[in-house]
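Participant:
Numbering (this note's numbering), first residue to last: 3 to 67.
1. Under 8 Å between the Cβ atoms of residue 31 and residue 43?
2. Between 50, 64 and 62, which has its C-alpha nearest residue 23's C-alpha?
3. Taking the C-alpha atoms as reference points, what is the distance between residue 46 and residue 65?
4. Can you name the residues that DSSP bridges to residue 63?
5. Nearest-angstrom Cα distance between residue 13 and residue 29?
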């Protein structure tokens, strides 16, 4: 039981510390007309996902939702 718990805790730490785990984040963009578009970003962490989202934000107002 303890070994299983330790393995789960290690996996959780590994996902947040390293970028080995890929999660899906959703980027939402609003253009100057008020149209909203959303797209999924596969990323290791929220900071990387926000950076990818911001690259689209050069034209639109984008952020992670």
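Glycine included, each C-beta is placed from N, C-alpha and C at the ideal position.
Facilitator: If we stick to the structure as given:
1. no
2. 50
3. 17 Å
4. 32
5. With a pLDDT of only 49 at residue 13, under 50, the local geometry of the prediction cannot be trusted, and the value read off the model is given with reservation. Each residue's Cα considered, the two are about 26 Å apart.
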